[in-house]
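These notes concern the structure reproduced below.
Number of protein chains: 2
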Amino acid sequence: MSTKNKILDAAEHLFADKGFNGTSLREITSLADVNLAAVNYHFGSKKELIKAVMSRYMNELSPRLEASLTVICQQETPPSLVEVFSAFVEPLLSLNVFKENGTSNFLQLLGRGYTDSQGFLRWFLTTQYPGVIEKFVVAVQRAYPELSAEDIFWRLHLTMGTVVFTMSSSDALMDIAQSDFGQQIDISDVINKVIPFVAAGVGAPLVH
Amino acid sequence: MSTKNKILDAAEHLFADKGFNGTSLREITSLADVNLAAVNYHFGSKKELIKAVMSRYMNELSPRLEASLTVICQQETPPSLVEVFSAFVEPLLSLNVFKENGTSNFLQLLGRGYTDSQGFLRWFLTTQYPGVIEKFVVAVQRAYPELSAEDIFWRLHLTMGTVVFTMSSSDALMDIAQSDFGQQIDISDVINKVIPFVAAGVGAPLVH
DNA sequence: AAACAGTTTAAACAAGCGTTTGAAATAACG
DNA sequence: CGTTATTTCAAACGCTTGTTTAAACTGTTT
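Chains as they are written, first to last, in the numbering used here: chain V, 2 to 209; chain D, 2 to 209.
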């Protein structure tokens, strides 16, 4: 395997586990078994490495996500909110084929990116992959037309918060669930617990 | 004002803004206008300072929260989930009297604690303030008896995620809402947007 | 074989971190 | 007043961080 990919794999694993700020280049290059200077040689800087790790997943995910949401939007009858959110499941789980633990890693990275370096990921997603967000908003609008643009804005951010936060601590949660309730949980179980929650949250009655 | 309190105030502000790992003691003591060594003299270490910042709020909040939840639990008729979550509002907003921007700062700190140093805040809350969590679980159980212990576990963590994540980026969200929708939003508005969302999420129908 | 671009390497760099030190300044008390 | 404690201060400590350097090595091209 190429040095570049060894670095990407090691960085992905460590970033997901300990956050961007919490992971040093020395840890990454040590795990990847390459020289310390390799990161700056191949990627230029740590920040560029972070972007590269995220891009590798987003380039895989975003066309699948757009396609899945397009199907939802083109249905004759408006979708339910559960259907809208369920449109994410198959593309997300496909990351497990693309790479071992891909789904879990990507979602954890998403959470790290949101909280670690303030605003960076929001910028990254909205500027680099606007199509996904656009299509998602349209789908939600079809499912719940009474929601104003402002309400959608807030509830989508609440959804983002729920998903991203849960996923960034999903390993710990799965461990607790395992020891307290003796149930073997995997990432797709977690997804299936999140969907009814956020669907109900977005679909909550409006108060005036 | 005492050196100790100057440090606590500065640390609180910076921690909320940039996280625990992202804030250096030099930034704190510089903003507080005290000597660098003062932190280690008065608190022993950075970790102890973090605990002190959190404790100052928790000691103010937790008795009010327990009292408010006790009222909810002792009602004749079981509460609705919205009522349960609304029990948090008054105690949380009371932090604004106790300290300027207290509510917002505390909730942001909560978010930081959850994501910054993995598991630390969970330990902090469950060991130092178990009463609040216990009473909260009982209240939810009364409101939605069909929920199993496992379901409650998951949905409370989803709730925690929603709240904590939203609050840790609430400043950015309020800015966007302001510029995109021209509405002046404050922290209590945010709270009132979160409550219906999480109440509906926790109350989502069970799938088998 | 010689020259070349691409890559890897060990070593050093400057800057920042949390923490410690020992002396100076201040406060408290007999 | 003089003598303890307590608190402040500048300076340094040892360590880690991201990044850079220049030499060594690799494989390909002339």
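Cβ coordinates follow ideal geometry from the N, Cα and C atoms, glycine included.
Query	Result
By DSSP, does E84 of chain D sit in helix, in strand, or in coil?	helix
Using 7 Å as the limit for Cβ to Cβ distance, is N6 of chain V near chain D?	no
Is there a C-beta anywhere in chain D that falls below 7 Å from the one on G202 of chain V?	yes
With distances taken from CA atoms, which of D:I51, D:A33, D:A205 and D:V208 is nearest Y115 of chain D?	D:I51
Return helix, strand or coil for Q184 of chain D, following the three-state DSSP convention.	coil
Are L37 of chain D and T24 of chain D close, meaning C-beta to C-beta below 7 Å?	no
Measure the C-alpha to C-alpha separation of S87 of chain V and L26 of chain D and round it to an integer number of angstroms.	45 Å
Helix, strand or coil for K100 of chain V, going by three-state DSSP, please let me know.	coil
So what's M59 of chain V in DSSP terms, helix, strand or just coil?	helix
At 7 Å on the CB atoms, spell out the chain V contacts of T116 of chain D, in chain order.	T116 and S169
What residue ranges within the region 107–143 of chain D form continuous beta strand (DSSP E) runs of no fewer than 3 residues, ordered along the chain?	none
Give me the Cα-Cα distance between P1 of chain D and S69 of chain D, rounded to the nearest whole angstrom.	The first residue shown for chain D is 2 and the last is 209, placing residue 1 of chain D beyond what the model contains.
Three or more C-beta pairs closer than 8 Å, one from the region 52–66 of chain V and one from the region 95–103 of chain V: is that the case here?	yes
Going by the CB atoms, is the gap between A33 of chain D and A11 of chain D shorter than 7 Å?	yes
Within the 7 Å Cβ cut-off, does L96 of chain V reach chain D?	no
May I have the straight-line CA-CA distance separating L110 of chain V from S56 of chain D, to the nearest angstrom?	30 Å
Exposed or buried, which one is S31 of chain D when buried takes at least 16 other CB atoms within 10 Å?	exposed
Assess contact between the region 182–200 of chain V and the region 197–208 of chain D, defined as three or more Cβ pairs (one per stretch) separated by less than 8 Å. Is contact present?	yes
Classify Y145 of chain D as buried or exposed, calling it buried when 16 or more other Cβ atoms lie within 10 Å of its own Cβ.	buried
Could you pull the start and end residues of the alpha helix (DSSP H) that A12 of chain V belongs to?	T4 to K19
Which word fits A150 of chain D, buried or exposed, when buried means at least 16 other C-beta atoms lie within 10 angstroms of its C-beta?	exposed
I'd like the list of long-range same chain contacts for Q184 of chain D, defined as Cβ closer than 8 Å, with 5 residues on each side in sequence excluded.	A178
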